[in-house]
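Novice: Dumping the structure here so I can ask a few things about it.
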Ligand SMILES: [Zn+2]
């Protein structure tokens, strides 16, 4: 699933390639991903218009077009390609006056919304996004105010997009590892020092991930996760202390963590530190 660092990489690759490029033709290979709220046909809305910019809002990529917006939520497996020869799971394709853009999605769970600028409230969860965690509005004060109101487990708090926009499964694990906090810790049990550590961990983890993906430059067709330290690394040695990485279910999501660096603050149903 693309997360914020992947979307930053997409934006940095897509915007220079698409800016001021006019759409000559559009081919919808599977309409299941498309939601058109504009009142125009897909061709009327898109063809002849130009791409102007690419922005990020939480899990959404926003393509600013002449007649409105194309908003993409990649969900589990959606991604883009500028290479006309890459055909795997291609669902939507644009022929441009110079170049090519396609959306690919092997799971067909992503959504592409065509909307006028005043119609964004029709896009599910678009208007409900919380503070942009890689934007200038994400200050320590804002974070402390949000976490002070939460009595949830810290991993669920991190993944609530209406508060922090946005953190998915992979970076929730990475942030908690960086902050040395057990994923089931309750927010209201964190002391001031731990809260500040968590805030710094969000910033450090996301910034490092953005730089890692940018440096790896894997191409739009491939997801890059070589830099993660605990996510999906079950039984691998912790990069900090060499203890085997564990997995635990947190409210229906798998969480990966180091039982030594991220000890539980209370007796849990299974005491991982003893196994
Ligand atoms: Zn460790």
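Numbering (the working numbering), first residue to last: 1332 to 1606. Yeah, the Cβ is synthetic: ideal placement off N, Cα and C, and Gly gets one too.
Is residue 1502 helix, strand or coil when you go by DSSP?
Specialist: Counted from its first residue, the chain shown places residue 1502 at position 171. Residue 1502 falls in the helix class under three-state DSSP.
Novice: Does any heavy atom of ligand 1 sit closer than 8 Å to the C-beta of residue 1450?
Specialist: As a first step, residue 1450 is located in the chain shown; it is residue number 119 there, counting from the start. No.
Novice: Across the region 1545-1565 and the region 1475-1485, are there enough close Cβ pairs to call them in contact, namely three or more that are closer than 8 Å?
Specialist: Contact fails: fewer than three Cβ-Cβ distances are below 8 Å.
Novice: Where do the ends of the alpha helix (DSSP H) carrying residue 1471 lie?
Specialist: As a working note, residue 1471 is residue 140 in the chain shown. Looking at the DSSP string, the run of the alpha helix (DSSP H) that includes residue 1471 is 1471-1479.
Novice: Sorted by chain position, which residues of the same chain lie with C-beta nearer than 8 Å to residue 1429's C-beta, five sequence neighbours on each side aside?
Specialist: Stepping through the chain shown from its first residue, residue 1429 is reached at position 98. Same-chain partners within the cutoff: 1352.
Novice: Alpha carbon to alpha carbon, how far is residue 1536 from residue 1464? Give it in angstroms, no decimals.
Specialist: On the chain shown, residue 1464 is found 133 positions in, with the first residue counted as 1. On the chain shown, residue 1536 is found 205 positions in, with the first residue counted as 1. Taking the straight line from one Cα to the other gives about 11 Å.
Novice: Is residue 1434 closer than 9 Å to residue 1448 when the C-beta atoms are compared?
Specialist: Here residue 1448 refers to the residue found at position 117 when the chain shown is read from its first residue. Here residue 1434 refers to the residue found at position 103 when the chain shown is read from its first residue. No, these two residues do not count as a Cβ contact at 9 Å.
Novice: Around the Cβ of residue 1410, are there at least 16 other Cβ atoms within 10 angstroms (buried) or fewer (exposed)?
Specialist: Numbered from 1 along the chain shown, position 79 holds the residue referred to as residue 1410. The residue is buried, with at least 16 neighbouring Cβ atoms inside 10 Å.
Novice: With a threshold of 16 other CB atoms inside 10 Å of the CB of residue 1503, please say whether the residue is buried or exposed.
Specialist: One-based indexing of the chain shown puts residue 1503 at position 172. Buried: at least 16 other Cβ atoms inside 10 Å.
Novice: Within the continuous beta strand (DSSP E) that includes residue 1354, where are the two ends?
Specialist: The residue given as residue 1354 occupies position 23 in the chain shown. Start and end: 1354-1359.
Novice: For residue 1369, I'd like the list of residues in its chain whose CB is within less than 7 Å of its CB, leaving aside the five on either flank, ordered along the chain.
Specialist: As a working note, residue 1369 is residue 38 in the chain shown. Excluding positions up to five away in sequence, the list reads 1376, 1399, 1445, 1446, 1447.
Novice: When every heavy atom of ligand 1 is checked, does at least one fall within less than 8 Å of the C-beta of residue 1421?
Specialist: Numbered from 1 along the chain shown, position 90 holds the residue referred to as residue 1421. For ligand 1, not one heavy atom lies less than 8 Å from the Cβ of residue 1421.
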